[in-house]
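Count along the sequence shown from 1, then add 459; that gives the number in my numbering.
Heads up, the beta-carbon is just placed ideally off N, CA and C, and yes, glycines get one too.
To keep things clear, I will list the structure first and then write my remarks on it.
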Amino acid sequence: MDWVLDDHRKAARSGRRYVLGAAALWSLGGVFAKALDLDGLTVAFYRSLFAGLVLLPFVPASRRVIRPTMIPLGFTFGAMTGLYLSAVMTTTAANAIFLQCTATIWTIPLSAWLLRERPDRRSIVGIALASLGVVAIVFYGYDGRPNEGQGIALGLASGVGYAGVVVGLRGFRDLDPIWLSAFNNLAASGTLALWILLTRGSIQVPPASTIVLLVVFGTIQMAIPYGLFARGLRDIGAPEAGLLGLLEPVLAPIWVLLVIGERPAVPTIVGGLFLLVGVACRYWPVTSRNLVVAEAVHEHLD
């Protein structure tokens with residue numbers, strides 16, 4: 460039994476580090492997006508395109524496995540990124556990021572239905588606390604800018620898409636995480652390109668300086684973190700990974716405030732505090748060995 464417990468602890472710690480690293484890099488998204496003079500869908504297209512192209516050479520041909528069920532995951536990935544960046548452009552970056560975190564609610568039924576994963580008790584309590592923070596943003600986080608209601612709706616929709624991505628990645632944990640990230644980004648860019656062409660007729664070509672920034676954006680804020688996140692999902696469950704990912708919206712408003720000067724509303728700050736409490740509730744050290752052993756055996760048997 461001890462070897463099962465030790466292996467579980469090591470794997471879980473490793474998985475959490477990967478997911479936390481991904482969350483830290485994701486938190487830079489608001490800064491990049493606000494610095495670009497482009498609409499959300501165009502930014503999402505180029506970001507995904509360059510992220511996929513940067514990652515693809517690092518994947519050996521033997522690991523480029525494509526399964527039919529990966530296609531809807533790629534479409535979902537594209538919808539999520541397009542919805543999120545469109546939300547960033549129509550409401551505050553903090554609101555968009557927090558609203559995307561409603562994914563932590565949707566991962567529970569999706570994981571139970573598709574993956575037959577059961578979240579532990581502390582995950583449920585932590586997600587409930589985090590959800591209170593999201594509610595504070597949805598109902599009180601407005602600053603009066605035009606079309607902000609549309610931004611709120613887009614942010615919520617991106618949360619549903621994010622939940623689908625989290626659960627979908629968990630279902631492909633046997634594949635190379637770098638390949639998964641490359642495939643999802645390229646599939647997303649194709650999905651977004653098709654949508655832009657159908658609705659607008661053409662894709663805007665930005666100047667060279669903006670292209671350089673988009674390449675950096677796609678690499679640092681998209682390619683690398685999704686590779687880390689996919690790797691982390693090999694060792695921890697989707698609800699837990701979604702909860703850890705809530706560290707992103709805690710950091711993101713800080714970067715936007717420091718670099719862009721955009722100040723989050725008071726309800727946004729209150730919501731962020733609830734999110735932090737939710738994360739702390741789930742990962743505060745447990746003194747009960749029986750609880751840890753039970754979780755380890757459950758993961759081992761799965």
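Where do the N-terminal and C-terminal ends of the alpha helix (DSSP H) with residue i fall, by residue?
i	result
Ile679	Counting along the chain, Ile679 falls outside any alpha helix (DSSP H), and DSSP gives it neither H nor E.
Asn554	Ala552 to Gln559
Arg581	Arg580 to Tyr599
Gln609	Glu607 to Gly630
Trp638	Pro636 to Arg659
Ile525	Looking at the DSSP string, Ile525 is not in any alpha helix (DSSP H), and its letter there is neither H nor E.
Ala494	Gly488 to Ala494
Pro531	Met529 to Thr549
Leu569	Ala562 to Leu569
Thr513	For the record, residue 513 in the displayed sequence is Val; it is not Thr. It spans Gly499 to Leu514 - the alpha helix (DSSP H) in which Val513 sits, taken as one unbroken run.
Roughly how many angstroms separate the alpha carbons of residue i and residue j, rounded to a whole number?
i	j	result
Asp633	Pro568	22 Å
Thr563	Gly696	12 Å
Pro516	Met529	20 Å
Ser617	Arg468	32 Å
Ile655	Ile662	7 Å
Ala700	Pro665	35 Å
Ala667	Gln609	31 Å
Ala553	Leu657	30 Å
Ala492	Gly730	22 Å
Thr550	Gly600	10 Å
Arg581	Val490	33 Å
Leu836	Leu628	Residue 836 cannot be examined here, being either before or after the span of the chain that is shown, 460 to 761.
Gly474	Leu651	30 Å
Leu508	Ala538	14 Å
Ile728	Pro708	10 Å
Ala755	Leu692	The pLDDT assigned to Ala755 is 38, lower than 50, so where the model puts this residue is not dependable, and the model offers no usable value.
Val718	Ile679	17 Å
Ala587	Thr566	13 Å
Gly630	Phe504	25 Å
Val584	Gly660	47 Å
Ala571	Arg577	6 Å
Ala612	Val524	35 Å
Arg575	Gly649	31 Å
Gly541	Gly614	10 Å
Could you give the C-beta distance for residue i and residue j, rounded to a whole number, given that I count them as a contact under 8 Å?
i	j	result
Gly480	Leu687	5 Å
Val518	Ile713	At roughly 34 Å, the Cβ-Cβ gap does not stay under 8 Å, so Val518 and Ile713 are not in contact.
Ala682	Val513	5 Å
Ala510	Asn644	4 Å
Ser486	Leu710	4 Å
Beta carbon of residue i: closer than 7 Å to some heavy atom of the ligand COA?
i	result
Val547	In terms of ligand content, the structure shown is empty, and the ligand COA therefore cannot be addressed.
Within the region 679-736, ranges of the alpha helix (DSSP H) (whole runs, at least 4 residues)
683-691, 697-703 and 706-718
Report yes or no: do three or more beta-carbon pairs, one from the region 591-602 and one from the region 549-557, lie closer than 8 Å?
yes
For the region 536-549 against the region 491-511, do three or more pairs of beta-carbon atoms, one drawn from each stretch, fall closer than 8 Å, so that the two count as touching?
yes
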